[in-house]
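What follows is a short report on a single structure.
Numbering (our numbering), first residue to last: 13 to 250.
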């Protein structure tokens, strides 16, 4: 890896610069390995993870190693890529997808389905890819949820952050979950450890602002299921 002028952080392909990773049931069907990449070119108002926007070193990891960690739990049936902006690390995520599917086959398990979020429109990604490896990554995805988050259009439905976003089924593997992905009820996990608040999932409108208020955070912690949030090496316990 290396740093260049103006503070832009670059990776030696295909390493991944990961903000966080975990296993969860709130970002797609079944138990999923989720990867949030560090770095995003957008600055969406109301972003739930502004600390993951800057291009700076976080956890740099080999895609093959991360694939093994995410699939360590035999219950994991899918992967979800978020961030940050996944397309900034398309080469690394494409490698992760390839490693994960090869690993699953080696273990005698079905290949994991893959969901990816992006602030770019699918048409733009296909017509004029903004980063290397985008076409390769698109070819490995089952579902792409595209478009920037617009807070005033947040309708609280499905895995879409706001109504302007679109759920694209690039294969038929998750067609059975099409309604839930686009319009189903949302679910988010809230954990509070000391002064650290963590939300996993696409929160219902108003949840993010309410739990960021100290008094509301205490109440949210009291109501939230006691879910242990771990690194990808250990996974989430439910």
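All C-beta atoms, glycine included, are put in the ideal place defined by N, C-alpha and C.
- [ ] Select from 123, 117 and 146 the residue whose C-alpha is nearest the C-alpha of residue 132.
- [x] Each of 123, 117 and 146 was checked against the Cα of residue 132, and the nearest Cα belongs to 146.
- [ ] Alpha carbon to alpha carbon, how far is residue 67 from residue 59? Give it in angstroms, no decimals.
- [x] Between residue 59 and residue 67, the alpha-carbon positions lie close to 16 Å from each other.
Task: As assigned by DSSP and simplified to three states, the class of residue 44 - done: The three-state reading of DSSP puts residue 44 in strand, counting E and B together.
Open item on the list: I need the straight-line Cα distance from residue 28 to residue 111, nearest angstrom please.
Closed with: Near 13 Å, if we compare the C-alpha coordinates of residue 111 and residue 28.
Task: Rounded separation between residue 158 and residue 118 - CA only - done: Between the alpha carbons of residue 158 and residue 118 lies a distance of about 32 Å.
Open item on the list: For residue 31 and residue 130, I'd like the C-alpha separation in whole angstroms.
Closed with: So the alpha carbons of these two residues sit roughly 16 Å apart.
Open item on the list: For residue 226, which residues in the same chain have their Cβ closer than 8 Å to its Cβ, ignoring the five residues on either side in sequence?
Closed with: Caution applies to residue 226, whose pLDDT of 44 falls short of 50 and renders its modelled position unreliable; the model cannot decide the point.
Open item on the list: Excluding the 5 residues flanking residue 45 on each side, which residues of the same chain have their C-beta closer than 6 Å to its C-beta?
Closed with: Result list for residue 45: 35, 82, 88 and 91, in chain order.
Task: Residue(s) in a DSSP beta bridge with residue 49 - done: Partner(s): 30 and 95.
Open item on the list: Closest to residue 62 by C-alpha separation, out of 73, 96, 167 and 114, would be which residue?
Closed with: Here the closest residue by C-alpha is 96.
Open item on the list: Let me make sure I understand the geometry here. Which of 39, 104 and 135 has the alpha-carbon closest to that of residue 182?
Closed with: Nearest C-alpha to residue 182: 135.
TODO: For the beta strand (DSSP E) containing residue 263, list its first residue and its last residue.
DONE: Nothing can be reported for residue 263, as the shown portion of the chain is limited to 13 through 250.
Task: residue 177 versus residue 42 - alpha carbon distance - done: When the Cα atoms are used, residue 177 and residue 42 turn out to be separated by approximately 22 Å.
Open item on the list: What does the alpha-carbon distance come out to for the pair residue 80 and residue 154?
Closed with: Roughly 20 Å between the two C-alpha positions.
Task: Distance, residue 39 Cα to residue 85 Cα - done: Taking the CA atoms as reference points, residue 85 sits about 17 Å from residue 39.
Open item on the list: Between which residues of its own chain and residue 179 is the CB-CB distance below 6 Å, once the five residues before and five after are set aside?
Closed with: Counting only residues of its own chain and dropping the five nearest sequence neighbours on each side, residue 179 has a CB closer than 6 Å to the CB of 157, 193 and 194.
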